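Peer 1: Going by UniProt numbering, the first residue of the sequence shown is number 1, and it counts up by one from there.
We put the CB at the ideal spot given by N, CA and C, even for glycine.
Model, not experiment: these values are computed from the prediction.
Below you'll find the structure I mean.
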Amino acid sequence: MALFFHIPDQIRTLLIAGITVVTLLGIMFRPWKTNEAQIALAGAALLLILGLITPQKALVTLLNDWNTFFFFLGMMSISALAEVAGLFDWLAFQAARYSGHSPRRLFLNTFLLGTLISMFLSNDATALILTPIVYTLVTRLRLPILPFLFACTFIADTASFLLPVSNPINIIVSSRFPLDLWTFLRLLFLPSLLVIGVNIGIFFLLYRKQLSGQFELKRLPSAEESITHKAYFRYVCGALIVICIAYIMAAASQFPLSLVALGGALILLLGALAWKQITVPALGKQLSWSIFGFIAGMFIVVQSLESTGLTTQFGALLLHLSGGTPFGAVIVGTLGSALGTNLINNVPMAVVLTSSLQSIQHTPVTVQHGFIAATIFGCDLGPNLTTVGSLATVLWLLILRQRDLDVSGWDYFKIGIITTPIMLIVGALAIWLLL
């Protein structure tokens with residue numbers, strides 16, 4: 001039961017800030033191997049018990065984010081149903097076949113495949129779709145697992161600003177600050193290609209010793225053996241093409257992406273049931289339900305933090321530090337959004353920044369575009385620093401744990417701190433030059 005006595009504003013702010021910090025540290029370090037959902041929900045529960053957020057406000061917050069919850073339900077279902085069709089095994093075989101027995105070439109193909117998936121289906125789809133493909137592939141080929149899996153999660157975010165539909169963050173920001181397609185591509189497409197190249201180059205240096213030698217293609221089943229039911233496989237391939245087109249059209253027209261994802265999942269499920277490839281209970285067991293607890297807990301925690309005014313003050317500080325120049329807008333916008341994503345996750349950070357940056361509308365167009373592009377860039381790429389920055393990374397972690405592979409927040413940070421700052425600097429300078 002919540003405590004209903006009045007708490008002074010200063011004490012309330014300190015309590016909310018403290019609970020938020022402890023929650024985020026807990027998610028990053030996972031004491032006693034507690035999963036992220038339990039920690040996020042514990043933080044939200046503590047805020048409710050102390051009366052720092054009302055149950056009504058928490059419920060409204062969750063209901064307002066229905067699109068996010070249904071989007072992940074749809075995408076996870078699509079991924080699971082495609083896996084039932086043998087699509088991931090088939091793609092794994094094709095990726096290996098075109099690698100010429102070379103682990104280095106297969107590593108590059110992993111990045112290229114991830115780039116395509118993120119570009120057209122979003123970074124979250126990459127985490128859901130590419131990770132199982134690559135895990136299956138490298139396990140059967142007896143290659144080092146972690147280099148390839150880290151490539152999956154990093155390219156998910158690194159390639160997520162090639163197009164407006166590549167990341168839900170892009171839609172959140174551009175819905176408040178409209179950018180036509182040409183302006184978006186002019187400011188962000190080339191920087192995206194540059195940071196993808198930097199990401200690939202750094203990873204090849206980090207894992208060069210583990211990628212030596214050759215692998216035997218015969219360790220993989222043939223492409224035909226991976227397909228359990230040819231009619232259902234063809235049905236899934238055709239449906240995914242339609243879903244992809246519908247997904248892009250919906251994002252471009254700001255139609256709720258969750259409805260497309262749920263509709264696509266329903267189409268695949270009907271086919272799977274018709275050909276007796278899966279049952280509804282069996283599908284439910286393949287979904288990572290804890291992601292919904294994580295999302296719910298994080299949104300309640302962040303809503304509480306927003307109510308203190310601290311996030312608004314943070315946005316005002318960014319505007320002041322930029323000095324009203326395009327260079328300042330890009331650098332401060334990039335670093336501020338990248339820092340914020342690793343404190344409160346990139347979805348709520350994008351929402352906070354779009355609200356905080358309303359005052360830029362009176363500034364020169366180059367400054368406005370600098371802040372908008374930098375916000376998208378920092379919120380998309382910044383999460384590569386830690387495991388708490390984006391939902392795609394959390395999904396990646398959950399998928400790994402389903403396969404009895406645990407990567408700690410510290411292990412992730414050791415790779416992120418080497419790679420992410422360099423990519424942020426290169427991309428920010430490219431955006432500034434393109435203004």
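Going by DSSP in three states, Val347 sits in which element: helix, strand or coil?
Peer 2: Helix.
Peer 1: Would you mind sorting Phe88 into buried or exposed? The rule is 16 or more other CB atoms within 10 Å of its CB.
Peer 2: It counts as buried.
Peer 1: What is the DSSP secondary structure of Leu435, reduced to helix, strand or coil?
Peer 2: Coil, per DSSP.
Peer 1: Sort Leu116, Ser408, Ile415, Leu130 by Cα distance to Lys33 and report the nearest one.
Peer 2: Considering only alpha carbons, the answer is Ser408.
Peer 1: Excluding five sequence neighbours on each side, which residues of the same chain lie with their C-beta closer than 8 Å to the C-beta of Phe29?
Peer 2: Around Phe29: Ser408, Gly409, Trp410.
Peer 1: I need the boundaries of the alpha helix (DSSP H) containing Ile360, first residue and last residue.
Peer 2: Segment: none, Ile360 is in no alpha helix (DSSP H) and carries neither H nor E.
Peer 1: Round the Cβ separation of Ile291 and Ala58 to the nearest angstrom and send it over; I've been treating them as touching at under 8 Å.
Peer 2: Between Ala58 and Ile291 the Cβ distance is about 18 Å, and since that is not below 8 Å, they are no contact.
Peer 1: Could you spell out the range, first to last residue, of the alpha helix (DSSP H) harbouring Glu36?
Peer 2: Its alpha helix (DSSP H) spans residues 36-49.
Peer 1: Beta-carbon separation of Ser288 and Leu400 under 7 Å?
Peer 2: Contact flag unset, no.
Peer 1: Going by DSSP, what residue range makes up the alpha helix (DSSP H) through Glu224?
Peer 2: Per DSSP, Glu224 belongs to no alpha helix (DSSP H) and is neither H nor E.
Peer 1: Are at least three pairs of beta-carbons, each pair with one atom in the segment 133-143 and one in the segment 76-94, less than 8 Å apart?
Peer 2: Segments in contact, yes.
Peer 1: Looking at the unbroken alpha helix (DSSP H) that takes in Gln303, where does it start and where does it end?
Peer 2: Per DSSP, Gln303 belongs to the alpha helix (DSSP H) from 290-307.
Peer 1: What would DSSP say about Met1, mapped onto helix, strand or coil?
Peer 2: In this prediction, Met1 scores a pLDDT of 48, lower than 50, which makes its location untrustworthy; the coordinate-derived value is nonetheless stated afterwards. Coil.
Peer 1: Among Ala17, Asn167, Phe71, which one has its Cα closest to the Cα of Ala350?
Peer 2: Considering only alpha carbons, the answer is Asn167.
Peer 1: Between which two residues does the alpha helix (DSSP H) carrying Gln56 extend?
Peer 2: Gln56 -> alpha helix (DSSP H) spans 55-64.
Peer 1: Do Asn342 and Thr386 have their C-beta atoms closer together than 7 Å?
Peer 2: The answer is yes: Cβ separation under 7 Å.
Peer 1: Measure the C-alpha to C-alpha separation of Leu434 and Trp182 and round it to an integer number of angstroms.
Peer 2: Rounded to whole angstroms, Leu434 to Trp182 spans 13 Å at the Cα level.
Peer 1: What would DSSP say about Ser118, mapped onto helix, strand or coil?
Peer 2: It is helical.
Peer 1: Hey, would you say Gly297 sits closer than 7 Å to Leu41, going by beta carbons?
Peer 2: Contact flag set, yes.
Peer 1: Would you kindly check if the distance between the Cβ of Trp90 and the Cβ of Ala231 is under 7 Å?
Peer 2: Not closer than 7 Å, so no.
Peer 1: For the alpha helix (DSSP H) that contains Asp9, what are its first and last residues?
Peer 2: 9-29 is the span of the alpha helix (DSSP H), which, as asked, contains Asp9.
Peer 1: Tell me where the alpha helix (DSSP H) around Asp89 begins and ends.
Peer 2: Its alpha helix (DSSP H) spans residues 87-97.
Peer 1: Quick one: using the 10 Å Cβ neighbour count with 16 as the cut-off for buried, is Gly378 buried or exposed?
Peer 2: So Gly378 counts as buried.
Peer 1: Let's test the definition: count the other Cβ atoms within 10 Å of the Cβ of Asn64 and tell me whether it reaches 16, buried, or not, exposed.
Peer 2: With fewer than 16 Cβ atoms within 10 Å of its Cβ, Asn64 is classed as exposed.
Peer 1: Short of 6 Å in beta carbon distance, which residues of its chain neighbour Ser307, apart from the five on each side in sequence? Order them along the chain.
Peer 2: The answer is none, since no qualifying residue turns up.
Peer 1: Leaving out the 5 sequence neighbours to the left and right, which residues in its chain are closer than 6 Å to residue 456 when beta-carbon positions are compared?
Peer 2: In this structure the chain extends from 1 to 435, so residue 456 is not present and cannot be described.
Peer 1: Arg140 and Leu217: beta carbons closer than 7 Å?
Peer 2: No. Outside cutoff.
Peer 1: So, using beta-carbon positions, are Ala428 and Thr334 closer together than 7 Å?
Peer 2: The answer is yes: Cβ separation under 7 Å.
Peer 1: Do Phe294 and Glu36 have their C-beta atoms within less than 7 Å of each other?
Peer 2: Their beta carbons are under 7 Å apart, which means Phe294 touches Glu36 by this criterion.
Peer 1: Where does the unbroken alpha helix (DSSP H) through Gly197 begin, and where does it stop?
Peer 2: Element bounds for Gly197: 181-206.
Peer 1: Check whether the Cβ atoms of Pro164 and Ile431 lie closer than 7 Å to each other.
Peer 2: No. Outside cutoff.
Peer 1: Classify Ser390: buried if its beta carbon has 16 or more other beta carbons within 10 angstroms, exposed otherwise.
Peer 2: Looking at its Cβ environment, which holds 16 or more other Cβ atoms inside 10 Å, Ser390 is buried.
Peer 1: Can you tell me which of Leu113, Val173, Phe154 puts its alpha carbon nearest to the alpha carbon of Phe203?
Peer 2: Among Leu113, Val173, Phe154, the Cα nearest to that of Phe203 belongs to Phe154.
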